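Trainee:
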Amino acid sequence: MSLVRRICFAGFVGGLALGLPAGASAQQIGATTVVKNDVSRLKGTQRNLLAQGDTVFRDEAVQTGADSLAKIVFLDQTNLSIGPNARIALNQYVYSEERPAGKVALNLLKGTYRFVTGDLDKKAYEIKTPVATIGVRGTVFDVWTTAGRSVITLEEGEIRVCTRKASPQACLTLDQPGAVVVVTAGGVSSAPRGSGTRFSFAGYCGANPGLCTPTRFAEGGGVPQPTAFAALCGR
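When the letters of the sequence shown are read in order and numbered with mature numbering (1 follows the signal peptide of the UniProt record, and there is no 0), they come out as residues -26 to -1, 1 to 209.
Structure (structure tokens):
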């Protein structure tokens, strides 16, 4: 079987694994470059284990178990590192190398994360937790979140953190490395340095090479981009 046929066959089998009808194509938005222990994709009632190098798709969720880690590199070069017992919904993804406009919407439902922005305009990123929205301005930041509380630590760049509750909405801007905000349903507040509130993803990074090292999509050995895949397979 030729390389092209193997790629197309893999895409066909992947679609069946996700519960898609033959010939249907989900939007490929990136690939896993790190997978440790129990990492799964969720789509409706379907649950399938992920391995390093697997494609991830729009409108699915990714979940990690205890003592498990993952890293997703998206087509626009966004890097998302995911800690144990986490769950993220890949809500929206619009990207094309030919057009500067795009949209990345991620819902960090629970767990711990490190987010590194990619090549899109910073206004294109919409990052949410159950209680917060995070506006990105060229950035690296860490998140620890539960259903009712999020702790967000700026590592590099600038972010604007707001409550998801629109009225009244409270916001704070972080522009100093190490700055921390705590967000609950009741509001958003700065955490003083040395208060013990700060969360850092760095503890996972040191013990897991590649988890936090910036990775380009091509370097990650990802799957062909959607347009190329379609052309290869005659769709």
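In this text, a Cβ means the ideal position worked out from N, Cα and C, and glycines have one as well.
Treat the numbers as computed from the prediction; the structure is a model and nothing was measured.
If I measure Cβ to Cβ from T147 and keep anything under 6 Å in the same chain, skipping five residues before and after, which residues do I get?
Mentor: Result list for T147: R134, in chain order.
Trainee: Going by the beta-carbon positions, is the gap between S174 and T103 smaller than 8 Å?
Mentor: It is not a contact, given that the beta carbons lie outside the stated cut-off.
Trainee: Specify, as a first and last residue, the run of the beta strand (DSSP E) that G177 falls within.
Mentor: Counting along the chain, G177 falls outside any beta strand (DSSP E), though it belongs to the alpha helix (DSSP H) covering A176 to A181.
Trainee: Kindly list the residues whose CB is nearer than 7 Å to the CB of L49, restricted to its own chain and excluding five residues on each side of it in sequence; keep chain order.
Mentor: Result list for L49: I3, G4, Y69, F191 and Q199, in chain order.
Trainee: When you compare each of A(-1), D116 and Y178 to V154 by their alpha carbons, which one comes out closest?
Mentor: Nearest C-alpha to V154: D116.
Trainee: Less than 8 Å between the C-beta atoms of V60 and Y87, yes or no?
Mentor: Position check: residue 60 holds Ala in this sequence, whereas Val was assumed. It is a contact, given that the beta carbons lie within the stated cut-off.
Trainee: Cβ atoms of T91 and V110: under 8 Å apart, would you say?
Mentor: Contact: yes.
Trainee: Check the DSSP bridge columns for E100 and list the partner residues they point to.
Mentor: Partner(s): A79 and G109.
Trainee: How should D149 be labelled, buried or exposed, when 16 other C-beta atoms within 10 angstroms of its C-beta is the threshold for buried?
Mentor: Exposed, since its Cβ has fewer than 16 Cβ neighbours within 10 Å.
Trainee: Excluding five sequence neighbours on each side, which residues of the same chain lie with their C-beta closer than 8 Å to the C-beta of T120?
Mentor: These residues qualify, in order along the chain: K84 and P104.
Trainee: Should N53 and P188 be called a contact, given that it needs their Cβ atoms to be closer than 8 Å?
Mentor: Yes. Within cutoff.
Trainee: So the candidates are T107, S141 and C186; which of them puts its Cα closest to the Cα of V125?
Mentor: The candidate whose alpha carbon is nearest that of V125 is T107.
Trainee: Helix, strand or coil for N65? Go by DSSP, reduced to three states.
Mentor: DSSP places N65 in strand when its eight states are reduced to three.
Trainee: Of the choices T19, K77, L82 and E130, whose alpha-carbon is the least far from that of G122?
Mentor: Comparing Cα-Cα distances from G122 to each of T19, K77, L82 and E130, the minimum goes to L82.
Trainee: Helix, strand or coil: which one does DSSP assign to Q26?
Mentor: The answer is coil: DSSP assigns Q26 none of H, G, I, E or B.
Trainee: Whole angstroms are fine: how far does the CA of G161 sit from the CA of P(-6)?
Mentor: Any reading at P(-6) is ruled out, since the residue's pLDDT is 39, under 50, leaving its predicted position unreliable.
Trainee: Taking the Cβ atom as the reference point for each residue, do R21 and E34 lie within a distance shorter than 8 Å?
Mentor: No, they are not a contact pair.
Trainee: How is D149 classed by DSSP in three states: helix, strand or coil?
Mentor: If DSSP states are grouped into helix, strand and coil, D149 belongs with coil.
Trainee: Rounding to the nearest angstrom, what Cα-Cα distance links G177 and G39 in this structure?
Mentor: Going from the Cα of G177 to the Cα of G39 covers about 17 Å.
Trainee: Can you check DSSP and say which residues form a bridge with S124?
Mentor: Looking at the DSSP assignment, S124 forms a beta bridge with T119 and V157.
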